[in-house]
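Accompanying notes for the structure given below.
In the working numbering, the protein residues as written are 685 to 1024.
If you want it as structure tokens, here you go:
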């Protein structure tokens, strides 16, 4: 990839890699599930390229966000990045192609897609670049359009030795300055020595039940990164991960504990709930309506307020894992919580 971008004097440094085992994220084309994945795993800001390789991506081979379509004032960058299905891992220049989009380049055959985002005010060249010549009128099929400029990384020809043109290089550098450069020197935590660490959690007030209930850690993103079982997992202790992650991600199995289901794990701790902790939503949680179509809804993701509202509004086939039948209505759910 750095070889492809070398002529542009653009380079990339790997700051962190992570292997996550999650069968839903690995196979789902559900937008809400993908947003959930991004919100948990994304690191850095606009200048940090996040690439997700998934096991089975049914919609298309790969996709990337484009900077002009992002909210420039938002502090939530979790939806920004590149998603690639495993079947495309051997395609020449694929990551460079998607990174070109991430910086802001269009396809060389991009007349139609530019009209889509820019109304009728689009370049005759199709991609706003002078040295990627216009499509000949004789090209009529979609495949012919996509293989025009076969030696260009931003075509779909996937040809070994493809390159960016000087015009594309100039445009990438201009777009980088316009959309992403302001975050280039921000100090984000990517892990490694001196990185954030989970702290022990004080259990909820004791009500005499068999097992303590540990509230969700204040740093939910860090808890998910360190506690969800996968190769190289760093933390398996419930008192650091919180009971909800410990049960619903089956971390207990790696501690030698046996339960018939995650719900049974939660049930063993319900006696502790004199008052449950109030959970704030993730930045990317979205509105209540976005969660009405999800199969499973976790309080740790949507926050207590939205979670309690779903008690009354959820579909018949929708689940609130660990809380089925616990609350009769929204107010009962709210009353069972307090700031902790």
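For every residue, glycine included, the Cβ atom is placed at its ideal position computed from N, Cα and C.
Predicted, not measured: the structure shown is a model, and the values here were computed from it.
Is DSSP giving residue 1028 helix, strand or coil here?
In the structure as shown, the chain starts at 685 and stops at 1024, and residue 1028 therefore has no counterpart that could be examined.
Distance between residue 728 and residue 841 (C-alpha atoms, nearest Å)
Rounded to the nearest angstrom, the two C-alpha atoms are 32 Å apart.
So, is residue 792 buried or exposed, given that buried needs 16 or more other C-beta atoms within 10 angstroms?
buried
Would you kindly work out how many angstroms separate the C-alpha atoms of residue 746 and residue 784, rounded to a whole number?
Residue 746 and residue 784: Cα-Cα distance of roughly 13 Å.
Around the Cβ of residue 888, are there at least 16 other Cβ atoms within 10 angstroms (buried) or fewer (exposed)?
Classification for residue 888: buried.
Could you work out which residue in 898, 902, 935 is closest to residue 911 when comparing CA atoms only?
Measuring from the Cα of residue 911, the nearest candidate turns out to be 935.
Please look up how many angstroms separate the CB atoms of residue 730 and residue 864, rounded, as I've assumed it's under 8 Å.
Sure, about 5 Å apart at Cβ, within 8 Å.
Can you tell me which of 699, 700, 779, 715 puts its alpha carbon nearest to the alpha carbon of residue 685?
Distance check between residue 685 and each of 699, 700, 779, 715 places 779 closest, using alpha-carbon atoms only.
Please state the DSSP three-state secondary structure of residue 784.
helix
Quick check: residue 942 and residue 895, are their CB atoms within less than 8 Å of each other?
no
In its own chain, which residues sit with a C-beta less than 6 Å from the C-beta of residue 1017, not counting the 5 before and 5 after it?
Excluding residues within five positions, the ones whose Cβ falls inside 6 Å are 992, 995, 1011.
Counting only the same chain and skipping the five closest in sequence on each side, list residues whose C-beta sits under 7 Å from that of residue 919.
882, 910, 911, 925
Using DSSP bridges, identify the partner residues of residue 738.
769
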